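FYI, the working numbering numbers position 184 of the sequence shown as 184, with every residue one higher than the one before it. Ideal Cβ placement from N, Cα and C applies to all residues, glycine included. Computed from a predicted structure; not experimentally measured. What follows is a set of notes on a single structure, which appears directly below.
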Amino acid sequence: MTNNWVDRHYKWMFILPALVFMTVMTVIPVAMTIGFSFTDWDLLLGDSVRFNGLENYIRIICNADFWNSFVITFYYTFLATFLEMVLGVAVAVALNNEFAGKEFIKTMILLPYMMAPVAVGMMWMLFYEPSSGLINYLFGMLCLPKSGFTSVRSSVIPSIAVVEAWQMTPMVIIVCLAGLAALPKDCIEAAAIDGASVVQTFFKIKLPMLVPILFSIGLLRFIDIFKSFDLIFAMTGGGPANSSRTMNLLAYENAFSYYKFGLSSAILTLVFVLVIVISCFTLKAKNRWSIQ
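Here it is, written out as structure tokens:
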């Protein structure tokens, strides 16, 4: 009897440690955050936690700071995702050809992806430094005007998005390279025999077949960037003048500057809901494309 039970349930025994880990590290914290979002938990008023219904959500919706962070979050997410996808596909197509030093270049491209976001942010802040940074030094050599980059409101989000793309584009490149390697060779060879150029072959044959993969990696990158915190916090802390304060930074500020943990939990819950909604719409669009 014992052997029969083991035979029926051995698969669950293998995944049980992972399920326990996910429950403790993900499910329980998310559930607690959602629960605290309906309370007035404020450390400045003591340790008492009182249920206040939807009051936190009403305060958020009526708060201009939240909507400013909402716009900044989407602006940063769309810009960084666009940069990563365009650069990732372009570099993957280039690396899909045979040339000397290809493996070395592929290895070097992966290096930024292996670095910690905080370290990347601090390094790029040195590059962006207005008076003695490397980029402004190069601008001076090219007789171009110097820029404040992260100290100017109009350029801070694009500057951080470039850093995000620099670090995370290797992930897109790897996935696109795998997709290109899996494409059927007969279609590509038939197009070459018919006289199609390299550009025509890419846009008419390769790219349409890569769309499901691009949808998947694009969604993963969008979600990851949408909840980004460490890189922005390390580079600007939400400045200048809150012009790079995303929803996650707004939640952090409410929790650890004003000790309003209930309000912070409500903001994070809204971020969680937005990610789910965006994921559902994207997956639905992907399924429609696959059917067509």
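* Measure the alpha-carbon distance for PHE99 versus ILE205 and round it to whole angstroms. => 23 Å
* Taking 8 Å as the threshold, find out whether the segment 193 to 200 comes into contact with the segment 123 to 134 through three or more Cβ pairs. => no
* Alpha-carbon to alpha-carbon, TYR128 and VAL156 -> 10 Å
* Asked: What's the C-alpha gap between GLY179 and LEU207?
  -> 10 Å
* Could you say if the segment 218 to 229 and the segment 96 to 110 meet the contact criterion of at least three C-beta pairs nearer than 8 Å? => no
* Asked: The alpha helix (DSSP H) with THR299 in it runs from where to where?
  -> Look at the range of the chain in this structure, 1 to 292, and you will see that residue 299 is not part of it.
* To do: State the CB to CB distance for the pair SER306 and ILE160, rounded to an integer number of angstroms; the pair is presumed to be in contact (CB under 8 Å).
  => Shown here, the chain extends from 1 to 292; a query on residue 306 therefore has no answer.
* Asked: So, do the segment 243 to 259 and the segment 59 to 71 have three or more beta carbon pairs nearer to each other than 8 Å?
  -> yes
* **Neighbour-count burial assignment, ALA92, 16 or more Cβ in a 10 Å radius** => buried
* Nearest CA to the CA of PHE51: which residue from PHE38, LEU268 and ALA80? -> PHE38
* Across which residues does DSSP place LYS260 in a beta bridge pair? -> ASP42
* Looking at the structure shown, is LYS215 part of a helix, part of a strand, or coil, going by DSSP? -> The question names Lys, but residue 215 in the sequence shown is Phe. In this structure, PHE215 counts as helix in the three-state DSSP scheme.
* Nearest residue (CA-CA) to VAL162, options ILE232, LYS227 and SER48 -> ILE232
* **Spatial neighbours of MET32 in its chain, beta-carbon cut-off 7 Å, leaving aside the 5 residues before and after** => none
* Asked: Are there 16 or more other CB atoms within 10 angstroms of the CB of MET115, so buried, or fewer, so exposed?
  -> exposed
* **Coarse secondary structure for PHE51, derived from DSSP in three states** => strand
* To do: Following the continuous alpha helix (DSSP H) through PHE78, name the residue where it begins and the one where it ends.
  => 64 to 95
* Nearest candidate by alpha-carbon position, reference TYR258, set PRO112, LEU43 and VAL71 -> LEU43
* Asked: In the structure shown, what three-state DSSP assignment does LYS206 receive?
  -> helix
* To do: May I ask you to report which of helix, strand or coil DSSP gives MET115?
  => coil
* Nearest candidate by alpha-carbon position, reference THR282, set CYS187, VAL211, GLN167 and GLU189 -> VAL211
* So, helix, strand or coil for GLY148, using DSSP? -> coil
* What's the call for TYR76, buried or exposed, on a 16-neighbour Cβ count within 10 Å? -> buried
* Limits of the alpha helix (DSSP H) - the one that LYS106 falls within -> 102 to 109
* **Spatially closest choice to PHE226 from ILE213, VAL277 and THR23, by CA coordinates** => VAL277
* Would you call PHE203 buried or exposed, if buried means 16 or more other Cβ atoms sit within 10 Å of its Cβ? -> exposed
* Asked: Three-state secondary structure (DSSP) at ALA196?
  -> coil
* To do: With DSSP collapsed to three states, give me the class of GLU98.
  => coil
* Asked: LEU183 and MET209 look like a contact to me (Cβ under 8 Å); what is the Cβ gap, rounded to whole Å?
  -> 6 Å
* Asked: With a CB to CB cut of under 7 Å and the five nearest residues on each side skipped, what residues in its chain are close to PRO170?
  -> ILE109, LEU110, PRO112 and TYR113
* Please list, in chain order, all residues of the same chain as SER279 whose beta carbon is under 6 Å from its beta carbon, the five residues on each side excluded. => none
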